Amino acid sequence: MKPYLLIVVCFSTGCGVRSVRLPEWQAIDGSHADGTVTLAYEQNFRSRLIPRIGQDNEVAKTRCRVWGYNSAEAFGGSTRSCVATPARANAKVPCLIWRFEKRYQCTNHVSDKVQHTPVQYTPMQQQPIQNNITIELSPTNVPQVKTKQTK
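The opening position of the sequence shown corresponds to residue 63 in my numbering, with each subsequent residue numbered one higher.
Encoded structure:
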């Protein structure tokens, strides 16, 4: 009976094993027009855990794909800033909670792959403009302005 009691106690208490949750990068800011994403995670001053390697790239690429991009590249390393300081001035730690941020640039937009055909003009082609002014385009790309006189 005693071995069963030990097994029951172990399973009910978790055998003294704590599950540790790693911090995760979260998208906190971004610009669809600029194709930039800012990621962040916060960490208690006692914790020395870091997010899973590569998780930041996955989050940034996922956000960029929603906006029509295929990938994302980091601008550089992460920055650290203090978001909660101790209430006492003589505290032993300078910061209670640190925020780590990392910026990404979205790359390879879907519209970048569309090939645009350039507009071609023949030499000496005239483009009419308002107010009776005509601009003649010469092969040297120097515009010549002529005005028409009305009677």
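Just so it is clear, CB atoms sit at the ideal spot from N, CA and C, and this is done for glycine as well.
A quick note: this is a predicted structure, and the numbers were derived from the prediction, not measured.
Contact between residue 131 and residue 97 is confirmed by a C-beta separation of about 6 Å, below the 8 Å threshold. Looking only at 157, 152, 158, 118, the smallest Cα-Cα distance to residue 99 is reached by 118. In this structure, residue 86 places its C-beta atom within 8 Å of the C-beta atom of residue 103. Look at the beta carbons and you see the segment 154 to 174 touching the segment 132 to 146: at least three pairs across the two are nearer than 8 Å.
Residue state for residue 91 is assigned as strand, using DSSP reduced to three classes.
Here DSSP, grouped into helix, strand and coil, assigns residue 127 to helix. With fewer than 16 other beta carbons inside 10 angstroms of its own, residue 137 counts as exposed. At least 8 Å separates the beta-carbon of residue 89 from that of residue 142. In the structure shown, residue 173 falls within a helical segment according to DSSP collapsed to helix, strand and coil. When only Cα atoms are considered, residue 170 and residue 101 end up about 20 Å apart.
Of 140, 128, 116, the smallest CA-CA separation from residue 168 is found for 128.
Every unbroken stretch of the beta strand (DSSP E) spanning 3 or more residues and falling wholly within the segment 112 to 167 is given here in chain order: 131 to 136, 141 to 146. Residue 99 sits in a strand when the DSSP states are folded into three classes.
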